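Trainee: Questions regarding the structure given below will be posed in turn.
Number of protein chains: 2
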Amino acid sequence: MDKPEPAELDRVDELIQLSLKLFLERGYDNTPMSLISKEVGLTKAGIYHHFENKEHILYAVHKKSVEKNLLPLIEKAEQITDAETRLRTYLYDLARQLTREPTATVLLSEARRMSPEHYKEISGVWRRSYGVLQKAIVELQEQGRCPKHINPAFATFAALGSASWIVFWFDYSRPESGEEAARTIVDIFMKGLLS
Amino acid sequence: MDKPEPAELDRVDELIQLSLKLFLERGYDNTPMSLISKEVGLTKAGIYHHFENKEHILYAVHKKSVEKNLLPLIEKAEQITDAETRLRTYLYDLARQLTREPTATVLLSEARRMSPEHYKEISGVWRRSYGVLQKAIVELQEQGRCPKHINPAFATFAALGSASWIVFWFDYSRPESGEEAARTIVDIFMKGLLS
């Protein structure tokens, strides 16, 4: 992607937003460049000025999503010293975020359509998210606050699953229940994990 | 679908299996009838003898999947009187099944491509699965074995999420860890839920 002029930034942003919407509604394969071009009101040449090909748009959509929705939560969590607070805070923030913004998990199903280099970059952020939880669980085990027989990887995936699944059932027309949904997930997991 | 002759049953079964494989690898939209026909070694006319159209194949794939992988677990659980045992047994069986057979969750992303009638039938089984867990949690609350402030719907989805997420992370080349994975998910959830 060329560095866009400041005045073009909004246009690129709009293109990413609209492409995300189309990918979610129709799937990546079912969304031709001609449709993106039509929806965003740019010629194909105009799009190719910013994006080499459709895969680069998919990458930009993923990059935007992790930068906006995931990295800030990770960075906040990594500042927290106490393992229990860090685990609880990150899992809550993650679940709460998914009650606001349903796209993250749905994007997952199209992630493998990215080039290996792009996939590696995006999945690196997912691994960092996994690492926040897994590392906190190991620390809790070392501190004797979580039973040693619990497999930290499986426990991490149990937590990630209960949060990530939100996008398949949460009623986004009732955003006011997002807080209780996230809290329920975190409370059950933390009570289940700790000694 | 016409009632197949006994001798044709294997062929229909093979067609469903192969279609499932193709849908998972390529997505439903990206799998033309011509490819299914080629892979299964039947003419298109031969396929249309059994299935009205591609949507009917998608429905048959889903029907097969719930009949084989989900209904037996539901029926087993519904026989169990004690709510805690029922909840624990069903969640374990569900998680364990997903460590054996990764297709159930992945099929979910294509479910909406079914006709409304077919979708209603298949999602009815999913609702019954949800009901097994939700009903057990409500019973436990009535028996004073689970705190009343826990929202049974959110708790049910937390359990379903931690199990269903298995298909995104489980290492299917190491089937021997399926039991521990399922047990970890169930132990954390049950301890987190119960008073």
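Protein chains in written order, with the working numbering: chain H, 506 to 700; chain V, 506 to 700. Each residue gets a CB set at the ideal place from its N, CA and C atoms; glycine is no exception. Keep in mind it's a predicted model, so treat the numbers as computed, not measured.
Return helix, strand or coil for Tyr677 of chain H, following the three-state DSSP convention.
Mentor: Tyr677 of chain H: coil per DSSP, three-state reduction.
Trainee: For Arg601 of chain H, tell me which candidate among H:Ser542, H:Ala668, H:Asp515 has the shortest Cα-Cα distance.
Mentor: It is H:Ala668.
Trainee: Among H:Lys543, H:Gln584, H:His567, H:Ile579, which has the Cα closest to the Cα of Arg617 of chain H?
Mentor: The shortest Cα separation from Arg617 of chain H among H:Lys543, H:Gln584, H:His567, H:Ile579 belongs to H:His567.
Trainee: Only counting the same chain, and skipping five residues up and downstream in sequence, which positions put a Cβ closer than 7 angstroms to that of Arg650 of chain V?
Mentor: Within the same chain, Arg650 of chain V has close Cβ partners Glu589, Leu699, Ser700.
Trainee: By alpha-carbon positions, which one of H:Ser678, H:His554, H:Pro652 ends up nearest to Met695 of chain H?
Mentor: The candidate whose alpha carbon is nearest that of Met695 of chain H is H:Pro652.
Trainee: For Arg605 of chain H, does the three-state DSSP call read helix, strand or coil?
Mentor: Helix, per DSSP.
Trainee: Is His654 of chain H buried or exposed, if buried means 16 or more other CB atoms sit within 10 Å of its CB?
Mentor: His654 of chain H comes out exposed.
Trainee: Could you give the first and the last residue of the continuous alpha helix (DSSP H) run that contains Leu563 of chain V?
Mentor: Run containing Leu563 of chain V: 559-574, per the alpha helix (DSSP H) assignment.
Trainee: Taking DSSP as the reference, what is the three-state secondary structure of Tyr553 of chain V?
Mentor: Tyr553 of chain V: helix per DSSP, three-state reduction.
Trainee: Along chain V, in chain order, which residues have C-beta atoms closer than 7 angstroms to that of Glu684 of chain H?
Mentor: Chain V residues near Glu684 of chain H: none, gap ~11 angstroms exceeds 7 angstroms.
Trainee: Please check the pair Leu563 of chain V and Tyr533 of chain V, which I expect to be a contact at CB under 8 angstroms, by giving their CB distance rounded to whole angstroms.
Mentor: Contact flag correct, Cβ pair sits at about 6 angstroms.
Trainee: What does Trp631 of chain V reach in chain H if we use C-beta pairs closer than 8 angstroms?
Mentor: Those within 8 angstroms of Trp631 of chain V in chain H number zero; the least Cβ separation is about 10 angstroms.
Trainee: In chain order, what residues of the same chain have a beta carbon less than 8 angstroms from the beta carbon of Thr661 of chain H, not counting five sequence neighbours either side?
Mentor: Once the five neighbours on either side are set aside, the close Cβ partners of Thr661 of chain H are Tyr635, Leu638, Gln639, Ile642.
Trainee: Name the residue from V:Val517, V:Gly546, V:Glu606 whose alpha carbon lies nearest to the alpha carbon of Lys573 of chain V.
Mentor: Comparing Cα-Cα distances from Lys573 of chain V to each of V:Val517, V:Gly546, V:Glu606, the minimum goes to V:Glu606.
Trainee: Mind pulling the chain V residues with CB within less than 8 angstroms of Thr608 of chain H?
Mentor: The contacting residues do not exist; Thr608 of chain H stays about 14 angstroms from chain V at best.
Trainee: Using beta-carbon positions only, say whether Thr586 of chain V and Val672 of chain V come within less than 9 angstroms of one another.
Mentor: Not closer than 9 angstroms, so no.
Trainee: According to DSSP, is Gln648 of chain V helix, strand or coil?
Mentor: The answer is coil: DSSP assigns Gln648 of chain V none of H, G, I, E or B.
Trainee: Please list, in chain order, all residues of the same chain as Leu576 of chain H whose beta carbon is under 8 angstroms from its beta carbon, the five residues on each side excluded.
Mentor: Here the set comprises Val630.
Trainee: Do the CB positions of Arg516 of chain V and Leu547 of chain V come within less than 9 angstroms of each other?
Mentor: Cβ distance < 9 angstroms, so Arg516 of chain V and Leu547 of chain V count as in contact.
Trainee: Given that Ala588 of chain V touches chain H, what residues does it touch there, using C-beta distances under 8 angstroms?
Mentor: Ordered by position in chain H, no residue passes the 8 angstroms Cβ test against Ala588 of chain V, which lies about 16 angstroms from the chain.
Trainee: Going by the beta-carbon positions, is the gap between Lys569 of chain V and Met538 of chain V smaller than 9 angstroms?
Mentor: No; because the gap between Cβ atoms is not below 9 angstroms, this pair is not in contact.
Trainee: Helix, strand or coil for Lys739 of chain V? Go by DSSP, reduced to three states.
Mentor: Only positions 506 to 700 of chain V appear in this structure, which leaves residue 739 of chain V out of reach.
Trainee: With DSSP run on the structure shown, which of helix, strand or coil describes Ser700 of chain V?
Mentor: Reduced to three states, the DSSP call for Ser700 of chain V is coil.
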